[in-house]
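Residue numbering for the sequence shown follows the working numbering, beginning at 7 and increasing consecutively. Note that CB positions come from ideal geometry on N, CA and C, so glycine has one too. Bear in mind the structure is a predicted one, so any value in this text is a computation, not a measurement. What follows is a set of notes on a single structure, which appears directly below.
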Amino acid sequence: MKLILLGAPGAGKGTVAKMLTELDGAVQISTGDILRGAVKAGTELGKQAQDFMNRGDLVPDDLIMGIMEDRLQEDDCAKGFLLDGFPRTIPQAEALKELLARIGVKLDMAVSLDVPRDVILDRLTTRRTCSNSDCQAIYNTKSSPTKVEGICDKCGSPTIQREDETVEAISHRLETYNEKTAPLTGYYEKEGLLMSVNATSSDAVVAAIKERLGN
Ligand code: AMP
Numbered sequence: 007m008k009l010i011l012l013g014a015p016g017a018g019k020g021t022v023a024k025m026l027t028e029l030d031g032a033v034q035i036s037t038g039d040i041l042r043g044a045v046k047a048g049t050e051l052g053k054q055a056q057d058f059m060n061r062g063d064l065v066p067d068d069l070i071m072g073i074m075e076d077r078l079q080e081d082d083c084a085k086g087f088l089l090d091g092f093p094r095t096i097p098q099a100e101a102l103k104e105l106l107a108r109i110g111v112k113l114d115m116a117v118s119l120d121v122p123r124d125v126i127l128d129r130l131t132t133r134r135t136c137s138n139s140d141c142q143a144i145y146n147t148k149s150s151p152t153k154v155e156g157i158c159d160k161c162g163s164p165t166i167q168r169e170d171e172t173v174e175a176i177s178h179r180l181e182t183y184n185e186k187t188a189p190l191t192g193y194y195e196k197e198g199l200l201m202s203v204n205a206t207s208s209d210a211v212v213a214a215i216k217e218r219l220g221n
């Protein structure tokens with residue numbers, strides 16, 4: 007399957023993408039994970055992206071398209087991909103359309119995960135992420151806590167609250183989302199590719215996507 011997952015930060019795109027990778031070997035491509043990896047590794051890309059990310063602003067479109075141009079042509083994308091956190095702006099969506107046409111790849115659909123704002127705020131402020139960049143398991147202090155407080159169940163590294171998950175940074179990320187990313191649902195509706203789902207439950211989202219794709 008070749009899908010775009012749209013939705014506000016905290017809508018569950020990463021969780022749904024991970025569940026979908028188990029169905030047919032499609033790979034999850036998260037621009038946020040790629041950027042965090044670059045920041046951690048101290049690469050040129052990471053240095054250019056870091057300040058935008060810490061403020062809760064979007065990283066410039068040309069940096070993102072540079073990443074995706076290469077990533078979408080790697081061999082593991084042949085089976086399918088789940089785009090998680092990309093595209094985030096209309097210019098990114100237009101550049102993606104041009105890129106996919108050029109490399110001869112057809113999208114199945116863009117799935118919009120719809121979640122009320124109060125649920126999003128609650129989810130993000132209680133989210134914890136494994137600090138090990140090879141693991142990056144996600145927990146929630148309320149709904150899916152670690153067995154030992156502050157320690158990842160999978161790899162034993164400390165879990166952390168991301169710098170862009172403080173209340174101020176989250177409010178700013180949600181404003182940015184409303185202004186720059188929310189218009190993408192209209193864009194994909196016009197393209198005839200939009201599927202909107204109530205995303206309060208990730209299991210229900212996965213079931214709805216499977217049904218739509220006829221799996
Ligand atoms: P995420 O983990 O998807 O919430 O992304 C974390 C941060 O990385 C965002 O707040 C942005 O600063 C940056 N980022 C991730 N994906 C993109 C994108 N497609 N366009 C611009 N900035 C992005």
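Quick check on DSSP: helix, strand or coil for residue i?
i    : result
M25  : helix
P97  : helix
T165 : strand
M115 : strand
L56  : This sequence places Gln at residue 56; Leu is not what is there. Residue state, collapsed to three classes: helix.
L219 : helix
S214 : The question names Ser, but residue 214 is Ala in the sequence shown. Of the three classes helix, strand and coil, the one that applies to A214 here is helix, per DSSP.
V65  : coil
A17  : coil
D209 : helix
L106 : helix
L199 : coil
D128 : helix
D140 : coil
For residue i, list the residues DSSP reports as bridge partners.
i    : result
R133 : N146
N204 : D120
V33  : F87
I157 : V154, P164
K8   : F87
Against chain B, does residue i count as a neighbour if the rule is that its beta carbon must be under 9 Å from one of theirs?
i   : result
Q54 : In the displayed structure, chain B is absent; only one protein chain is listed.
Along the alpha helix (DSSP H) that carries residue i, what are the first and last residues, could you check?
i    : result
L180 : 173-182
K196 : 189-196
K46  : 37-47
On the DSSP letters alone, give me the boundaries of the beta strand (DSSP E) that residue i sits inside.
i   : result
L78 : Run containing L78: none; DSSP gives neither H nor E here.
Q.
Using a Cβ distance threshold of 8 Å, determine whether the segment 208-215 contacts the segment 11-24, with at least three qualifying pairs required.
A. With three or more CB-CB distances shorter than 8 Å, the segment 208-215 counts as touching the segment 11-24.
Q. At a cut of 8 Å, does the segment 126-146 reach the segment 86-106 through at least three beta carbon pairs?
A. Short answer: they don't touch.
Q.
Contact between the segment 186-206 and the segment 149-167 is defined here as three or more beta-carbon pairs at a separation below 8 Å; is this criterion met?
A. No: the two stretches stay apart, fewer than three of their Cβ pairs being nearer than 8 Å.
**Q.** Given 8 Å, three or more beta-carbon pairs between the segment 71-89 and the segment 27-45
**A.** Contact holds: three or more Cβ-Cβ distances are below 8 Å.
**Q.** Touching by the beta-carbon criterion (3+ pairs, under 8 Å), the segment 77-92 and the segment 44-63
**A.** Output reads no: the segment 44-63 does not touch the segment 77-92.
Q: Flag this pair as touching only if the segment 132-142 and the segment 151-161 have three or more C-beta atom pairs under 8 Å; answer yes or no.
A: Here the segment 132-142 makes contact with the segment 151-161; the two share three or more CB pairs at distances below 8 Å.
**Q.** Any 3 or more C-beta pairs closer than 8 Å across the segment 107-117 and the segment 52-66
**A.** Taking a cut-off of 8 Å for Cβ pairs, the segment 107-117 and the segment 52-66 do not touch, as fewer than three such pairs fall below it.
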